[in-house]
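S.K.:
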Amino acid sequence: MNRPLRYLLLALLVFLSAPTFASAPPLVDAQWLKANQDQSDLVVLDIQSAKDYQRFHIPGAVNAPYDRWRTQPPKPNGKAAAQSNAKTNAIANASELTSMLPPGAQLEAMLSELGVSNDDHVVIVATGRGASDLAAAARVFWTLKVLGHEQASLLDGGLVGYADTGAPLARGSEQRPATDYRAALQPELAPDAQAVRAALAAKTPLVDARSEGEFVGIYTGDDAERPGTIPGSHHLPHDWISDSGSGKLRSPGALKALFEARGVATDGEQIHFCHSGNRAALTWFAAYAVLGNEDALLYDGSMMEWARDDNLPISAEIELCDAC
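First residue of the sequence shown: 0, per numbering that gives the first Met the number 0; consecutive thereafter.
1) Tell me L319's beta-bridge partners as DSSP assigns them.
2) According to DSSP, which residues form a beta bridge with D207?
3) N277 by DSSP, collapsed to three states: which one?
4) Per the DSSP calculation, T228 is bridged to which residue(s)?
5) Let's test the definition: count the other Cβ atoms within 10 Å of the Cβ of Q30 and tell me whether it reaches 16, buried, or not, exposed.
6) Using a Cβ-Cβ cutoff of less than 8 Å, which residues in the same chain neighbour A93 once the five nearest sequence positions on both sides are dropped?
7) Leaving aside the five residues before and after D266 along the sequence, list all residues of the same chain whose C-beta is less than 6 Å from its C-beta, in chain order.
8) Assuming Q53 and G171 form a contact by the criterion Cβ under 8 Å, report the distance between their Cβ atoms to the nearest whole angstrom.
9) Just checking my contact of C273 with H237 at CB under 8 Å: how many whole Å lie between their CB atoms?
10) In the DSSP assignment, what are the bridge partners of L57?
11) On the premise that A288 lies in contact with P25, defined as a C-beta separation below 8 Å, what is that separation, rounded to the nearest angstrom?
12) Can you give me the C-alpha to C-alpha distance between G252 and L290, rounded to a whole angstrom?
13) Looking only at DSSP bridge pairs, what is L44 linked to?
14) Take P230 as the anchor and find which of G276, S243 and I270 has the nearest alpha-carbon.
15) In the DSSP assignment, the beta strand (DSSP E) including A295 goes from what residue to what residue?
16) Cα-Cα, which of L296, S314, Y298 and A23 is closest to S152?
17) Compare the C-alpha of G156 against each of D51, V27 and A166 and name the closest.
18) What residue does the beta strand (DSSP E) around A189 start on, and which one ends it?
19) For the beta strand (DSSP E) containing A151, list its first residue and its last residue.
20) Take W68 and list the residues in its own chain whose beta-carbon comes closer than 6 Å to its own, dropping the five residues that flank it on each side.
21) Whose C-alpha, out of L205, D119, S243 and I46, is nearest the C-alpha of N35?
22) What three-state label does DSSP hand S243 in the structure shown?
23) Quick check: what's the CA-CA separation for S111 versus G244?
24) Can you find the residues in the same chain that come closer than 8 Å, C-beta to C-beta, to A60, ignoring five residues on each side of it along the sequence?
25) Can you give me the C-alpha to C-alpha distance between N88 and R261, rounded to a whole angstrom?
26) Quick check: the Cα distance between A306 and T282, rounded to an integer number of angstroms?
27) With distance defined between alpha-carbon atoms, name the residue in E211, G212, E213 and R196 nearest to L205.
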């Protein structure tokens, strides 16, 4: 074999043996991560609080606490505090709501600071203590999709599942070299109240991921909100999506059975919501990423926005009279 051909074959073998993240599943387990985490274009993104991250994290992981992925209430003082108190239960403008998707520029700055490049594959790691942890990771996954970042996965079982394999954990803080992250925003993935209202009129299926008490109207997430749900919604509690309420997702077959049992199709347009777009991120992730329904959407404002606006319809299966 001549030398140029030998070099060509060697280069081809190197190329074929190199891991490719283009085909990486949106849900990966600890074994997959341990086999791939030394790759330079893989970023392990820990969303624990800074304090918890410094105590224990996967070696090489960078930290962006979950709170940084959602808008936060202002910290008023003095006159501002008085004004804030006067506005309690009067929020109607989505721009004034908290726990929403932050501005794109803010997220770009955070990802640049974390050392994430547009071509990196990001593996999102929550603590893994239960369904709500898994939902938080799913919400970050959704945020990356809205930013146009295609290469992303959730770590099934989170940090707890990773530690259960006997893999060592790290302490302290870690940092990657800063980058210049540039989003390619996909606003159609984040419908607002008017888009949801139009979808309701078009009879697009809606999926309520809250608890049964919230769904039927026994209680709400806030005193300013009307009890009940968006009319005609299907009820699929978010904690059913995880395996017995754990930080691990159910199998695709089990998820399909759950969706079918609740009258939710596994394909076609549908919008998932909860109180503030956190719990519904998990039912959305199951539909979009695991069952492959790319027409599934997540309503960011959810009932936190919808139930405050008297112009938007709502229905309650159980109506309680506190004055009776």
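Even for Gly, the Cβ is constructed at its ideal location relative to N, Cα and C.
M.R.: Considering the structure as presented:
1) Here residue 319 refers to the residue found at position 320 of the sequence shown. Residue pairing by DSSP places L319 in no beta bridge whatsoever.
2) Your numbering for residue 207 matches position 208 in the sequence shown. In DSSP, D207 forms a bridge with H234 and F272.
3) Along the sequence shown, one-based indexing puts residue 277 at 278. Correct three-state label for N277: coil.
4) Taking the sequence shown and counting its residues from 1, the one referred to as residue 228 is at position 229. For T228, which the question treats as bridged, DSSP gives the partners S314.
5) The sequence position of residue 30 within the sequence shown is 31, counting from 1. Exposed, since its Cβ has fewer than 16 Cβ neighbours within 10 Å.
6) By 1-based counting over the sequence shown, the position of residue 93 is 94. For A93, the predicted model reports a pLDDT of 47, less than 50, meaning its position is unreliable; a value from the coordinates is still stated below. Counting only Cβ-Cβ distances below 8 Å, and skipping sequence neighbours, we find M99, D191, A192, G300 and E304.
7) On the sequence shown, position 267 is the one that residue 266 refers to. So the list reads N292, once near-sequence residues are dropped.
8) As a first step, residue 53 must be located in the sequence shown, where it is residue number 54. As a first step, residue 171 must be located in the sequence shown, where it is residue number 172. Indeed, because the Cβ distance is near 6 Å, the residues count as touching under 8 Å.
9) Start at 1 with the first residue of the sequence shown, and residue 273 comes out as number 274. Start at 1 with the first residue of the sequence shown, and residue 237 comes out as number 238. H237 and C273 do touch by the CB rule: their CB atoms are close to 7 Å apart, below 8 Å.
10) Within the sequence shown, the letter at position 58 stands for residue 57. Here residue 57 turns out to be Ile, not Leu, going by the sequence shown. In the DSSP output, where bridge partners are listed per residue, I57 has none listed.
11) Taking the first residue of the sequence shown as 1, we reach residue 25 at position 26. Taking the first residue of the sequence shown as 1, we reach residue 288 at position 289. The pair is a contact, with the Cβ atoms about 4 Å apart (cut-off 8 Å).
12) Residue mapping note: residue 252 aligns to position 253 of the sequence shown, counting from 1. Residue mapping note: residue 290 aligns to position 291 of the sequence shown, counting from 1. Straight across, the Cα-Cα distance linking G252 with L290 is about 9 Å.
13) By 1-based counting over the sequence shown, the position of residue 44 is 45. According to DSSP, which records beta bridges pairwise, L44 is partnered with V61 and I123.
14) The residue given as residue 230 occupies position 231 in the sequence shown. For P230, the nearest C-alpha among the options comes from I270.
15) Here residue 295 corresponds to residue number 296 of the sequence shown, with the count starting at 1. Where A295 is concerned, the enclosing beta strand (DSSP E) starts and stops at A295 to L297.
16) On the sequence shown, position 153 is the one that residue 152 refers to. Nearest neighbour of S152 by Cα position, chosen from L296, S314, Y298 and A23, turns out to be A23.
17) Translated into the one-based positions of the sequence shown, residue 156 becomes position 157. Checked all of D51, V27 and A166; the closest Cα to G156 is V27.
18) One-based indexing of the sequence shown puts residue 189 at position 190. A189 -> no beta strand (DSSP E), and no H or E assigned at all.
19) Here the question's residue 151 lines up with position 152 in the sequence shown. Run containing A151: A151 to L154, per the beta strand (DSSP E) assignment.
20) Walking along the sequence shown from the start, residue 68 turns up at place 69. V139 and T142.
21) Translated into the one-based positions of the sequence shown, residue 35 becomes position 36. Each of L205, D119, S243 and I46 was checked against the Cα of N35, and the nearest Cα belongs to D119.
22) Against the sequence shown, residue 243 aligns to sequence position 244. S243 falls in the helix class under three-state DSSP.
23) Start at 1 with the first residue of the sequence shown, and residue 111 comes out as number 112. Start at 1 with the first residue of the sequence shown, and residue 244 comes out as number 245. The straight-line gap from Cα to Cα measures roughly 34 Å.
24) Walking along the sequence shown from the start, residue 60 turns up at place 61. Correct list, in chain order: V43, L44, D45, Y52, V124, A169 and E173.
25) Indexing the sequence shown from 1 puts residue 88 at position 89. Indexing the sequence shown from 1 puts residue 261 at position 262. A caution first: N88 carries a pLDDT of 34, below 50, which makes its placement in the model too unreliable to give a value.
26) Here residue 306 refers to the residue found at position 307 when the sequence shown is read from its first residue. Here residue 282 refers to the residue found at position 283 when the sequence shown is read from its first residue. Those two C-alpha atoms are separated by around 20 Å.
27) The sequence position of residue 205 within the sequence shown is 206, counting from 1. Comparing Cα positions, the closest option is R196.
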